[in-house]
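S.K.: Residue numbers (our numbering): 4 to 415.
What follows is the structure, given as structure tokens:
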């Protein structure tokens, strides 16, 4: 393999020599697809593409089997009292706009903004990864059915590249991105009006990874609120995978959920103290714990298992070692986002929601169960900012004043 058919950096810049082709033919006889005893440049190219695609797929499968890395190097600059002077966050809105104008994709607006809300709309920016992506996809569809114009602008990535810390470094052009800023959100935050920001969590999070975003947002939009997802229980919490799904009991789900909340609160408690009445939780973890218990009770029609990695069932709550959501649960996450952000139970949405995909799954009954679970998770979480003591499906402290949702306060 080291003879460079699969590894050469110059491939594609010049045609391989006759000697190279002869050497590769000896090492990779399968590349000679027409079996004429001569490896052509075209055959070598086709074989290389095939093998690299296989390698990539195997690498993806290996990452999925291992789970996300939980130990990684963090730049020492995070321990300093101030970011490097060249950080984009210290520049003026006009300067930030100009920086992004130079590096943005051709089809991307330099500044994204939304009109002043006339009803229940909220202008939202967000970072996140693949755990947030299902909700980012379904939330706008839920909003439309609820009569709310969706106003969501995201800068996302996969795994660690979607974390708040990574995106801050990337947007500011600091540390691992020194000299290469991509201020996609910073440009719009500093040049337009916003009401809220959402984040997805990541391993080894610190309050500082969020406070930098919060401070920047409040500088330009002092009334903004901030929402952190707390993800959900993952297999790594168990140390090793259980032999069968019989391991998962209601008590196990409760324990995993409490562990998950404790981990999240190490960051969230600090932020809530630092920014009173500003920081809230999107309780996706509680929602998935409730879903797990509902499955054990036979209340999730169409769901066949807890974890595809353990039980092998396609329609499970989770689908891989990393802990990505199984089919249909993108709706549950979207409902949790909706309930927290807009202070209303998704059970109150009467219009059909156009999710797309298989119209037979989830069933109407399962979808209604997801809506109920979402509202229960949100109203029972002490950090969601949403209460419903009178049971009308509308947050008791989510009062509308003009076009601003100003009544949301911490649940006590």
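Every residue, glycine too, gets a C-beta built ideally from N, C-alpha and C.
Any chance you could list the beta strand (DSSP E) runs of at least 3 consecutive residues sitting entirely within the stretch 299 to 379, in chain order?
M.R.: 308 to 310 and 319 to 321
S.K.: Rounding to the nearest angstrom, what Cα-Cα distance links residue 2 and residue 278 in this structure?
M.R.: The requested residue 2 does not occur in the structure, where the chain is confined to residues 4 to 415.
S.K.: Look up residue 232 in the DSSP assignment and give the residues it is bridged to.
M.R.: Taking the first residue of the chain shown as position 1, residue 232 is located at position 229. Bridge partners of residue 232: 285.
S.K.: Taking the runs of the alpha helix (DSSP H) that are 4 residues or longer, which of them lie wholly in the stretch 135 to 201?
M.R.: 136 to 148, 167 to 175 and 187 to 194
S.K.: Rounding to the nearest angstrom, what Cα-Cα distance links residue 359 and residue 87 in this structure?
M.R.: Translated into positions along the chain shown, residue 359 becomes position 356. Translated into positions along the chain shown, residue 87 becomes position 84. In a straight line, the C-alpha of residue 359 is about 46 Å away from that of residue 87.
S.K.: Need the endpoints of the beta strand (DSSP E) that residue 131 sits in, please.
M.R.: If you number the chain shown from 1, residue 131 lands on position 128. Taken as a continuous stretch (DSSP letters only), the beta strand (DSSP E) holding residue 131 covers 127 to 131.
S.K.: Within the continuous alpha helix (DSSP H) that includes residue 238, where are the two ends?
M.R.: In the chain shown, the residue the question calls residue 238 occupies position 235. Taken as a continuous stretch (DSSP letters only), residue 238 belongs to no alpha helix (DSSP H), as it is neither H nor E.
S.K.: So which of 45, 156 and 249 has the shortest CA-CA distance to residue 197?
M.R.: Residue numbering aside, residue 197 sits at position 194 when the chain shown is read from its first letter. Nearest of 45, 156 and 249 to residue 197, Cα basis: 156.
S.K.: Which of the three DSSP states is assigned to residue 271 in this structure?
M.R.: As a position in the chain shown, residue 271 is number 268, starting the count at 1. It is helical.
S.K.: Can you list, in chain order, the residues of its chain with a C-beta nearer than 6 Å to that of residue 270? Leave out the 5 residues immediately preceding and following it.
M.R.: Here residue 270 is taken as the residue at index 267 of the chain shown, counted from 1. Hits under 6 Å: 208 and 210.
S.K.: Going along the chain, which unbroken runs of the alpha helix (DSSP H) with 4 or more residues stay wholly within the stretch 19 to 53?
M.R.: 21 to 30
S.K.: Using C-beta distances below 6 Å, list every residue in its chain close to residue 97, excluding the 5 sequence neighbours before and after it, in chain order.
M.R.: Taking the chain shown and counting its residues from 1, one reaches residue 97 at position 94. Same-chain partners within the cutoff: there are none.
S.K.: Following the continuous alpha helix (DSSP H) through residue 100, name the residue where it begins and the one where it ends.
M.R.: Residue numbering aside, residue 100 sits at position 97 when the chain shown is read from its first letter. Residue range 96 to 106 is occupied by the alpha helix (DSSP H) that includes residue 100.
S.K.: Helix, strand or coil: how does DSSP classify residue 114 here?
M.R.: As a first step, residue 114 is located in the chain shown; it is residue number 111 there, counting from the start. The three-state secondary structure of residue 114, taken from DSSP, is coil.
S.K.: Roughly how many angstroms separate the alpha carbons of residue 3 and residue 374, rounded to a whole number?
M.R.: The structure shown does not extend to residue 3, since the chain is modelled only from 4 to 415, so the question has no answer here.
S.K.: Across which residues does DSSP place residue 77 in a beta bridge pair?
M.R.: Locating residue 77 in the chain shown gives position 74, where the first residue counts as 1. Answer is none; residue 77 lacks a bridge partner.
S.K.: What does the alpha-carbon distance come out to for the pair residue 353 and residue 366?
M.R.: Here residue 353 is taken as the residue at index 350 of the chain shown, counted from 1. Here residue 366 is taken as the residue at index 363 of the chain shown, counted from 1. Rounded to the nearest whole angstrom, the CA to CA distance from residue 353 to residue 366 is 16 Å.
S.K.: Between residue 81 and the rest of its own chain, which residues show a CB-CB distance below 7 Å, the 5 nearest in sequence each way excluded?
M.R.: For the purposes of this step, residue 81 is taken as the residue at position 78 of the chain shown. Once the five neighbours on either side are set aside, the close Cβ partners of residue 81 are 211.
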